[in-house]
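Asker:
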Amino acid sequence: MDKVRKIGDVVLSFENISLSFGGVKALTNISFDVREHEIRAIIGPNGAGKSSMLNVINGVYHPQDGEIVFRGQHRRDMNTYESAKSGIARTFQNIALFKGMSVLDNIMTGRNLKMKSNFLLDALYWGPARREEIEHRKKAEEIIDFLEIQHIRKTPVGRLPYGLQKRVELGRALAAEPSILLLDEPMAGMNVEEKQDMCRFILDVNDQLGATIVLIEHDMGVVMDISDRVVVLDYGKKIADGTPDEVRNNQNVIDAYLGVAH
Amino acid sequence: MFYREAGQFKSSYAADSQIFPIRQDRIGFGLIIAFAFLGVPLLAALGIVSNYTFTAILTPFLIFSLAALGLNILTGYAGQLSLGTAAFMAVGAFGAYNFMLRIDGMPILLAFILGGLCAAAVGIVFGLPSLRIRGFYLAASTLATQFFVVWFVTKVGWFTNYSTSGVISAQKIRMFGYTFNSSMSKYLFVLGVVSVLTLLAKNMVRTNIGRSWMAIRDMDMAAEVIGFRPMRTKLMAFAVSSFYCGVAGALFAYAYLGTVEPEGFNLDLSFRILFMVIIGGAGSILGSFLGSAFIVLLPIFLNIFLLFLETSLHLELPSGISSSIELMVFGGLIIFFLIVEPHGLARLWQIGKEKLRLWPFPH
Ligand SMILES: Nc1ncnc2c1ncn2[C@@H]1O[C@H](COP(=O)(O)OP(=O)(O)OP(=O)(O)O)[C@@H](O)[C@H]1O
Ligand SMILES: [Mg+2]
Numbered sequence: 011m012d013k014v015r016k017i018g019d020v021v022l023s024f025e026n027i028s029l030s031f032g033g034v035k036a037l038t039n040i041s042f043d044v045r046e047h048e049i050r051a052i053i054g055p056n057g058a059g060k061s062s063m064l065n066v067i068n069g070v071y072h073p074q075d076g077e078i079v080f081r082g083q084h085r086r087d088m089n090t091y092e093s094a095k096s097g098i099a100r101t102f103q104n105i106a107l108f109k110g111m112s113v114l115d116n117i118m119t120g121r122n123l124k125m126k127s128n129f130l131l132d133a134l135y136w137g138p139a140r141r142e143e144i145e146h147r148k149k150a151e152e153i154i155d156f157l158e159i160q161h162i163r164k165t166p167v168g169r170l171p172y173g174l175q176k177r178v179e180l181g182r183a184l185a186a187e188p189s190i191l192l193l194d195e196p197m198a199g200m201n202v203e204e205k206q207d208m209c210r211f212i213l214d215v216n217d218q219l220g221a222t223i224v225l226i227e228h229d230m231g232v233v234m235d236i237s238d239r240v241v242v243l244d245y246g247k248k249i250a251d252g253t254p255d256e257v258r259n260n261q262n263v264i265d266a267y268l269g270v271a272h
Numbered sequence: 513m514f515y516r517e518a519g520q521f522k523s524s525y526a527a528d529s530q531i532f533p534i535r536q537d538r539i540g541f542g543l544i545i546a547f548a549f550l551g552v553p554l555l556a557a558l559g560i561v562s563n564y565t566f567t568a569i570l571t572p573f574l575i576f577s578l579a580a581l582g583l584n585i586l587t588g589y590a591g592q593l594s595l596g597t598a599a600f601m602a603v604g605a606f607g608a609y610n611f612m613l614r615i616d617g618m619p620i621l622l623a624f625i626l627g628g629l630c631a632a633a634v635g636i637v638f639g640l641p642s643l644r645i646r647g648f649y650l651a652a653s654t655l656a657t658q659f660f661v662v663w664f665v666t667k668v669g670w671f672t673n674y675s676t677s678g679v680i681s682a683q684k685i686r687m688f689g690y691t692f693n694s695s696m697s698k699y700l701f702v703l704g705v706v707s708v709l710t711l712l713a714k715n716m717v718r719t720n721i722g723r724s725w726m727a728i729r730d731m732d733m734a735a736e737v738i739g740f741r742p743m744r745t746k747l748m749a750f751a752v753s754s755f756y757c758g759v760a761g762a763l764f765a766y767a768y769l770g771t772v773e774p775e776g777f778n779l780d781l782s783f784r785i786l787f788m789v790i791i792g793g794a795g796s797i798l799g800s801f802l803g804s805a806f807i808v809l810l811p812i813f814l815n816i817f818l819l820f821l822e823t824s825l826h827l828e829l830p831s832g833i834s835s836s837i838e839l840m841v842f843g844g845l846i847i848f849f850l851i852v853e854p855h856g857l858a859r860l861w862q863i864g865k866e867k868l869r870l871w872p873f874p875h
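Quick note, the sequences are listed as chains A and B, same order. Sequential numbering from 11 applies to the first sequence in the numbering used here. Sequential numbering from 513 applies to the second sequence in the numbering used here.
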């Protein structure tokens with residue numbers, strides 16, 4: 011793959027991350043890193059801890075053990091607000107859109123950290139508040155164009171089919187102009203065409219906007235096609251890490267997927 | 513055929529971001545406003561609109577609309593259920609009363625704003641539990657607000673200026689040397705205040721603050737992940753909502769009742785306003801007005817209807833039956849709306865408009 015932006019230095023790394031819920035060990039001693047501008051896939055069977063890992067990355071979950079190094083800063087855990095502030099955006103495995111709001115409004119919410127106006131100016135819809143609203147509307151419309159969802163911009167998202175909702179959720183994440191984008195099964199439940207569209211969007215975001223992407227996906231074809239490196243989890247442990255080719259031929263991975271007894 | 517947006521192309525996002533992007537809506541709304549400000553007084557001058565219409569229908573309709581709007585911001589937009597609306601109205605009313613009473617030359621509008629700010633402060637304090645609890649439990653905690661505030665204002669004589677009966681007489685509404693004595697002038701005063709506050713609310717709900725409320729309402733975890741702060745967002749909703757209820761409470765005392773006691777702001781009133789939001793439409797500004805109109809008008813129409821029954825069928829209906837029927841109708845409607853159309857009359861109106869846009873074609 012000839013990328014416009016070359017893969018850069020490590021922006022995010024994890025050292026021995028462990029996370030458990032009561033007796034359930036969701037993650038055990040996980041270490042891996044993410045480089046700038048790469049597409050980093052996390053794969054593994056159901057319940058392997060993939061979503062938990064994503065939740066650790068943007069501070070929804072707080073690991074009991076281990077260390078995170080984010081842009082050179084060593085820390086025990088992340089928090090949601092700070093990670094949003096520092097350019098981490100995400101989508102969710104079970105779509106987490108704002109169902110009562112229109113597509114446009116959902117995407118506008120993604121820009122909230124870039125808005126400076128306060129509620130009094132908002133209430134007056136005057137001067138800077140008005141200018142700002144319209145300026146952000148322009149950005150939101152760019153994303154709507156990019157994702158080819160112009161025809162539904164005023165539709166409440168609750169009324170959209172699943173595939174389009176996934177696309178809108180990506181739009182909301184993109185609205186934040188993230189430097190790191192976390193995608194939790196963005197293609198789950200989609201048909202082949204929808205998957206192709208979604209792949210194209212992800213590659214464009216990575217390539218043209220230069221966003222680093224951490225991707226969880228079950229469709230092995232897609233993962234092997236678009237990712238630069240893959241980390242494989244099974245029962246909360248890391249069992250492989252490397253390029254798609256390395257991972258594909260790894261015996262542990264083959265066993266995990268074929269369900270060999272542990 | 514007449515309600516079409518075909519041919520109305522927007523050449524800028526500013527044009528598309530208007531409150532009423534469709535021209536027919538704009539014209540219709542302009543006509544309603546013109547009628548409210550000019551048409552109604554004209555009809556009154558001609559003797560068509562009576563004093564009774566002002567005091568029993570129009571003024572309470574506007575005041576309840578404002579209170580319902582306040583509750584709608586909190587419950588409909590931000591998703592925080594509250595049973596304490598009347599308490600916030602009480603704070604606004606007694607706040608304004610004391611500012612007028614104790615500060616010489618206090619302009620009435622400023623007193624209303626300060627009363628509203630007091631209500632906002634109380635709203636923030638009693639909104640704190642919303643950071644930890646939600647739904648039914650939050651409703652129960654706002655119920656505590658309701659009882660506490662009414663009890664407190666009754667117990668501490670200072671608030672009612674130590675009046676022995678606990679009843680206060682609101683001062684006259686005076687502005688620029690003019691006293692709002694007539695029922696029509698009070699109506700116009702209320703109309704002015706409600707119009708301005710409604711415009712501000714509309715602007716809030718279509719910009720970032722409104723989106724933050726709806727985001728918290730629809731999916732609080734996702735809202736947090738994209739950078740909205742739940743604490744700030746919820747408390748802001750409590751503050752703005754309580755401010756609106758507070759000003760509505762002050763209007764209630766000054767432009768509608770004239771004399772009022774703390775007990776006038778009881779749980780019954782809170783429920784009435786909650787019903788307005790449910791019937792009118794949660795999460796809709798228009799819905800606040802529709803719900804209020806409905807609840808103000810229903811007993812009046814019901815009375816006329818029962819009177820008609822009595823005279824035409826020569827029935828002897830037991831006295832007080834109309835208020836019982838009223839309660840039954842309310843109960844039935846609320847169950848109907850909660851189950852069938854949780855977005856209330858406003859949603860029915862919107863569906864009607866969508867149909868009209870396509871009319872006479874089915875799709
Ligand atoms: N909030 C939570 N509370 C309790 N247990 C949890 C929680 N989140 C995850 N777990 C547990 O952690 C383990 C890993 O779950 P996780 O959702 O991370 O798996 P996954 O790899 O994303 O699976 P899938 O492919 O099904 O999405 C599971 O056993 C799950 O039950
Ligand atoms: Mg998962």
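Built from N, CA and C at the ideal position, the CB exists for glycine as well.
Below 8 Å between beta carbons: does that hold for Ala-782 (chain B) and Gly-792 (chain B)?
Answerer: It should be noted that the sequence gives Ser, not Ala, for residue 782 (chain B). Cβ atoms of Ser-782 (chain B) and Gly-792 (chain B): not closer than 8 Å.
Asker: When Cβ atoms are compared, which residues of the stretch 694-723 of chain B fall closer than 7 Å to chain A?
Answerer: Leu-712, Asn-715, Met-716, Thr-719, Asn-720, Ile-721, Arg-723
Asker: Ignore the nearest five residues each way along the sequence and tell me which others in Ser-237 (chain A)'s own chain have a CB closer than 7 Å to its CB.
Answerer: Ile-49, Arg-50, Ala-51, Leu-225, Pro-254
Asker: Does DSSP put Pro-171 (chain A) in a helix, a strand or coil?
Answerer: coil
Asker: Mind checking which residues open and close the beta strand (DSSP E) that includes Lys-248 (chain A)?
Answerer: 247-252
Asker: Quick one: which chain B residues come within Cβ less than 7 Å of Asp-132 (chain A)?
Answerer: Asn-715, Met-716, Thr-719, Asn-720, Ile-721
Asker: Leaving out five residues before and five after Ala-735 (chain B) in sequence, what residues of the same chain have Cβ atoms less than 6 Å from its Cβ?
Answerer: Here the set comprises Ala-727, Ile-728.
Asker: In angstroms, rounded to a whole number, what distance separates the CA positions of Trp-670 (chain B) and Glu-775 (chain B)?
Answerer: The straight-line gap from Cα to Cα measures roughly 16 Å.
Asker: Please list, in chain order, all residues of the same chain as Phe-755 (chain B) whose beta carbon is under 7 Å from its beta carbon, the five residues on each side excluded.
Answerer: Here the set comprises Gly-628, Leu-629, Ala-631, Ala-632.
Asker: Mind listing the chain B neighbours of Ala-58 (chain A)? Cutoff is C-beta to C-beta under 7 Å, in chain order.
Answerer: Those within 7 Å of Ala-58 (chain A) in chain B number zero; the least Cβ separation is about 22 Å.
Asker: Only counting the same chain, and skipping five residues up and downstream in sequence, which positions put a Cβ closer than 6 Å to that of Ser-796 (chain B)?
Answerer: Ala-858
Asker: Who are Leu-194 (chain A)'s beta bridge partners in DSSP?
Answerer: Per the sequence presented here, residue 194 (chain A) reads as Asp, with Leu not at that position. DSSP output for Asp-194 (chain A) lists A:Ile-226 as bridge partner(s).
Asker: Closer than 7 Å: is that where the CB of Asp-194 (chain A) sits relative to any heavy atom of ligand 2?
Answerer: yes
Asker: With a threshold of 16 other CB atoms inside 10 Å of the CB of Thr-823 (chain B), please say whether the residue is buried or exposed.
Answerer: exposed
Asker: Does the beta-carbon of Lys-176 (chain A), which I'm using as the reference point, lie nearer than 7 Å to any heavy atom of ligand 1?
Answerer: no
Asker: If contact means a Cβ-Cβ distance below 7 Å, which residues of the stretch 776-797 of chain B contact chain A?
Answerer: Gly-795
Asker: Roughly how many whole angstroms lie between the Cα atoms of Ile-27 (chain A) and Asp-75 (chain A)?
Answerer: 6 Å
Asker: What does the Cβ neighbour count give for His-826 (chain B), buried or exposed, with the cut at 16 atoms within 10 Å?
Answerer: exposed
Asker: Pull out every residue of the stretch 97-108 of chain A whose Cβ sits closer than 8 Å to any Cβ of chain B, in chain order.
Answerer: Ala-99, Arg-100, Phe-102, Ala-106, Leu-107, Phe-108
Asker: Is Tyr-699 (chain B) near Pro-572 (chain B), with beta carbons less than 8 Å apart?
Answerer: no
Asker: Looking at chain B, which residues of the stretch 198-212 of chain A have a Cβ within less than 7 Å of any of its Cβ atoms?
Answerer: none
Asker: When the Cα atoms are used, what is the spatial distance from Gly-588 (chain B) to Arg-86 (chain A)?
Answerer: 39 Å
Asker: Residues of chain B with CB under 7 Å from Asn-90 (chain A), in chain order?
Answerer: The sequence given here has Thr at residue 90 (chain A), not Asn. Below the 7 Å Cβ cutoff, chain B contributes Glu-736, Val-737 as neighbours of Thr-90 (chain A), in chain order.
Asker: When the Cα of His-84 (chain A) is compared with those of A:Val-21, A:Lys-109, A:Gly-32, A:Met-118, which residue comes out closest?
Answerer: A:Val-21
Asker: Specify the secondary structure class of Lys-667 (chain B) as computed by DSSP and reduced to three states.
Answerer: helix
Asker: Can you find a heavy atom of ligand 1 that lies under 7 Å from the Cβ of Ala-734 (chain B)?
Answerer: no
Asker: According to DSSP, simplified to helix, strand and coil, what is Phe-42 (chain A)?
Answerer: strand
Asker: Would you please state the rounded distance, in angstroms, between the beta carbons of Gly-722 (chain B) and Phe-600 (chain B)? I believe it to be under 8 Å.
Answerer: Actually they are not in contact, since the Cβ atoms of Gly-722 (chain B) and Phe-600 (chain B) sit about 20 Å apart, beyond 8 Å.
Asker: Give a yes or no on contact between the stretch 704-715 of chain B and the stretch 119-137 of chain A, applying the rule of three or more CB pairs nearer than 8 Å.
Answerer: yes
Asker: Got a sec: which bits of the stretch 181-200 of chain A sit with their beta carbon under 9 Å from any beta carbon on chain B, in order along the chain?
Answerer: Arg-182, Ala-183, Ala-185, Ala-186
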